[in-house]
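In this note's numbering, the protein residues as written are 200 to 461.
Ideal placement from N, C-alpha and C gives every residue a C-beta, glycine not left out.
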Amino acid sequence: MTASHAAEDQPAESEADALARLYDLDLAEDPGDDLDLYLALAERTGGPILELAAGTGRIVRPLAAAGYQVTALDLDPAMLGRLTASAPTNVTIVLADLTSWRPPRAEYRLAVLGLNSLFLIAERHLQQAALATLFAALVPGGLAVVDVWLPDAADLARYDQRLLIEYIRTDPATGSTLTKTVSALHDAATATVQLSSIYDQGRPGAPVARWIRRDTLRLVGSGELVQMARAAGFEIDVLAGDYGLEPLGPGAQRAILVARRP
200 MTASHAAEDQ PAESEADALA RLYDLDLAED PGDDLDLYLA LAERTGGPIL ELAAGTGRIV
260 RPLAAAGYQV TALDLDPAML GRLTASAPTN VTIVLADLTS WRPPRAEYRL AVLGLNSLFL
320 IAERHLQQAA LATLFAALVP GGLAVVDVWL PDAADLARYD QRLLIEYIRT DPATGSTLTK
380 TVSALHDAAT ATVQLSSIYD QGRPGAPVAR WIRRDTLRLV GSGELVQMAR AAGFEIDVLA
440 GDYGLEPLGP GAQRAILVAR RP
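Below you can see the structure in the form of structure tokens.
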């Protein structure tokens with residue numbers, strides 16, 4: 200079913216608006232472990248701050264609440280619309296493609312590409328362009344932070360197009376039940392994952408609204424991330440395995456790169 204078949208007490212939505220809303224519900228139970236890192240780095244660098252692929256503002260909001268001038272850039276108007284609706288005055292919103300956008304001048308002291316956003320850029324040369332955007336935005340001495348997941352063999356083995364229920368939650372805005380089911384297919388030859396996210400929402404006994412999001416993700420390992428950063432002109436401050444910036448080691452589930460514009 201489509202959004203037009205939603206339950207009567209649910210307002211009709213465009214697909215883009217629905218997926219932006221569902222993105223926020225996806226993150227409703229996220230612990231936000233990375234936010235303390237960005238706040239600590241912001242205290243170290245000062246503002247202004249840039250976030251690429253800012254979405255609905257999960258990272259932007261706490262930085263703005265701490266008093267920093269923050270620019271939120273994203274290509275999705277619906278995502279930015281949700282941020283715009285409640286953004287404080289110290290947030291500047293930019294609708295643009297992060298692989299080709301360049302600021303009028305290098306003015307930022309901290310630039311963030313967080314929580315696997317690099318994966319959403321499905322080609323390596325465009326991922327490299329995203330690192331070039333971070334570099335172009337920073338003043339000399341400014342810091343860029345890129346955060347990516349490091350899937351292990353067991354994670355990738357599950358990416359065989361099987362259907363998995365990721366969660367069943369209650370939408371606090373409507374009281375309806377939301378079920379998210381995912382299916383993914385990993386292609387080792389291209390280091391890509393074809394990811395489908397299926398959202399079913401409704402009340403018991405009522406029509407169900409279904410939305411489907413499809414993404415092509417390009418995975419990036421820690422070594423390749425360092426190579427792309429250096430190719431963009433960065434000096435590597437630290438390659439960490441967690442948000443406490445402990446050095447990357449065996450078994451790490453994330454790679455957090457902190458790099459400096461010389």
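Enumerate in chain order the residues of its own chain whose CB-to-CB distance from residue i is below 7 Å, with the five nearest sequence positions on each side excluded.
i	result
L438	S421, V425, L447, A454, L456
S213	none
L314	D233, D346
A428	L330, I435, L456, A458
F433	F334, A343, A458, R459, R460
D414	L319, L394
Start and end of the beta strand (DSSP E) containing residue i?
i	result
E365	363-369
Using only the alpha-carbon positions, how far apart do residue i and residue j sit?
i	j	result
K464	V347	Residue coverage of the chain in this structure runs from 200 to 461, which leaves residue 464 outside it and unanswerable.
W410	G280	19 Å
G401	D223	17 Å
T291	G404	44 Å
A215	A277	6 Å
G443	L416	26 Å
T270	S299	16 Å
E365	Q268	35 Å
D441	L251	20 Å
A239	S316	21 Å
A264	A305	24 Å
V392	H385	4 Å
A241	D229	21 Å
G231	A388	33 Å
R412	L294	21 Å
A211	V311	34 Å
Y307	H324	24 Å
A431	Q326	11 Å
P302	I367	41 Å
Does residue i pass the burial test, meaning 16 or more other C-beta atoms within 10 Å, or should it be called exposed?
i	result
Q360	exposed
I258	buried
L486	Nothing can be reported for residue 486, as the shown portion of the chain is limited to 200 through 461.
R243	exposed
P247	buried
A372	exposed
G245	exposed
Which residues bound the alpha helix (DSSP H) around residue i?
i	result
P261	259-264
E214	214-225
T283	276-283
Y267	Neither: Y267 is in no alpha helix (DSSP H) and is coded neither H nor E.
Y307	Where Y307 is concerned, there is no enclosing alpha helix (DSSP H), although the beta strand (DSSP E) it sits in stretches over 307-312.
T255	Looking at the DSSP string, T255 is not in any alpha helix (DSSP H), and its letter there is neither H nor E.
A286	A286 -> no alpha helix (DSSP H), and no H or E assigned at all.
L317	Element bounds for L317: n/a, residue is neither H nor E.
Starting from the C-beta of residue i, find all residues in its chain whose C-beta is less than 8 Å away, skip the five residues before and the five after it, and write them out in chain order.
i	result
L363	R357, T380, V381, S382
D370	L224, T376, L377, Q400
Starting from the C-beta of residue i, find all residues in its chain whose C-beta is less than 6 Å away, skip the five residues before and the five after it, and write them out in chain order.
i	result
A227	none
A452	At residue 452 the sequence reads Gln, which differs from the Ala that was named. Correct list, in chain order: L349.
G450	none
L418	A390
A328	T298
A286	none
For chain D, check one thing: does any of its Cβ atoms lie closer than 7 Å to the Cβ of residue i?
i	result
L312	Protein chain content of the structure displayed is limited to a single chain, and chain D is not contained in it.
Could you name each continuous beta strand (DSSP E) segment of 3 residues or more that falls completely within the segment 416-454, going from the start of the chain to the end?
434-439
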